[in-house]
Amino acid sequence: MSDAQIQGYARALFEIARADGTLDEVEDELFRFARSYESSEELRSTLSDDRIPAEKRQSIVEDLLGQQATSTTTQLVSMVVGSGHARDLPAIVDRLVDRASESKQLAVAQVRTAVELTPDQRDRLKAALENATGKSLNLKTTVDPSVVGGVVAIIGDDVIDDSVRTRIDQLKSRL
C-alpha cells in the first residue's frame, strides 16, 4: 500500500472516531491492537492470509476484541482487515496516532515496559518525560517482557532507554 493510501486510511479512521466522540479511547485501543498484531506472528499471518475468506478474518477480529474494545475500534479494525490491508494496520494506526496527537498539539511518546503500568505510574512517567523533553506528550504504553524492568521511550527521534536489559548488556560489555 502506498504512503498516500496509508494516510487516507488513517485520516478516515481518525474522522470516524472523532465524529463518534471516542477518539481518545479508540486511538488507544487501536495502538494497543497494532502493537499486539506486530508482536504475534500467528495473528499477522492469519489476518493477512488472503486464502482465508474476509468474513472469517473479520470474525477473528471481532472475537479477539469483543468486550475488550469499543464497537468503533472493532469495526475499524474489521474494516481494514476485510479490505485486505491487515499488513498495513500498524502503519495506518501510527499515522492515526500522529494525527490525533497533532490535533491536540502533543508529541507521541511510545513507551515499552516489562509490566502494565498503574494509572499513577503512567501519570508520573508522563510528567517525568515531559519535564525531560520540554514537550507535552501523548503517552502510548505497551508491555514488552524483553525490557525486563525500567522503560524504553521513543519520542520522535529521541530514544530514552532506562531498561534493566540495557543496563545488563552494558555491564556485559564492560566485563
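So that you can map any letter, position 119 of the sequence shown is 119 in my numbering, and since no number is skipped, the others follow by simple counting. C-beta: ideal position from N, C-alpha, C; glycine also.
query: Going by DSSP, name the residue or residues bridged to Gln150.; result: It is Gly, not Gln, that sits at residue 150 in the sequence shown. DSSP, once it has assigned bridges, lists Ser163 as partnering Gly150.
query: Tyr9 and Asp88: beta carbons closer than 9 Å?; result: yes
query: Would you grab the beta carbon distance between Val148 and Val164 for me? Rounded to a whole angstrom, and I think it's under 8 Å.; result: 4 Å
query: Could you tell me which of Ser146, Leu137 and Glu130 sits nearest to Lys104, measuring between CA atoms?; result: Leu137
query: In this structure, what does DSSP give as the bridge partners for Thr113?; result: Val143 and Val151
query: In the DSSP assignment, find the unbroken alpha helix (DSSP H) run with Gln7 in it and report its ends.; result: Asp3 to Asp20
query: Identify every run of the alpha helix (DSSP H) within the stretch 37 to 84, keeping only runs that are complete inside it and at least 4 residues long; order them along the chain.; result: 41 to 47, 54 to 65 and 71 to 82
query: Quick one: grab the DSSP three-state call for Asp158.; result: strand
query: Between Ala34 and the rest of its own chain, which residues show a CB-CB distance below 6 Å, the 5 nearest in sequence each way excluded?; result: Leu89, Pro90 and Val93
query: For Phe14 and Ile160, what's the separation of their Cα atoms in angstroms?; result: 28 Å
query: Helix, strand or coil for Leu96? Go by DSSP, reduced to three states.; result: helix
query: Say the cut is 8 Å; is the CB of Leu171 nearer than that to a heavy atom of the ligand NAP?; result: Among the components of this structure there are no ligands whatsoever, and the ligand NAP is therefore not found.
query: Here's the rule I'm using: 16 or more other beta-carbon atoms within 10 Å means buried, otherwise exposed. How should Thr72 be labelled?; result: buried
query: Here's a check: name, in chain order, each residue in its chain whose Cβ is nearer than 8 Å to the Cβ of Val143, leaving out the five neighbours to either side.; result: Arg112, Thr113, Ala114, Val115 and Glu116
query: Closest to Glu102 by CA distance: which of Leu47, Ser59 and Glu27 is it?; result: Glu27
query: Whose C-beta lies closer than 7 Å to the C-beta of Leu176 among residues of the same chain, with five residues either side of it excluded?; result: The requested residue 176 is not part of the displayed model; the chain covers only 1 to 175.
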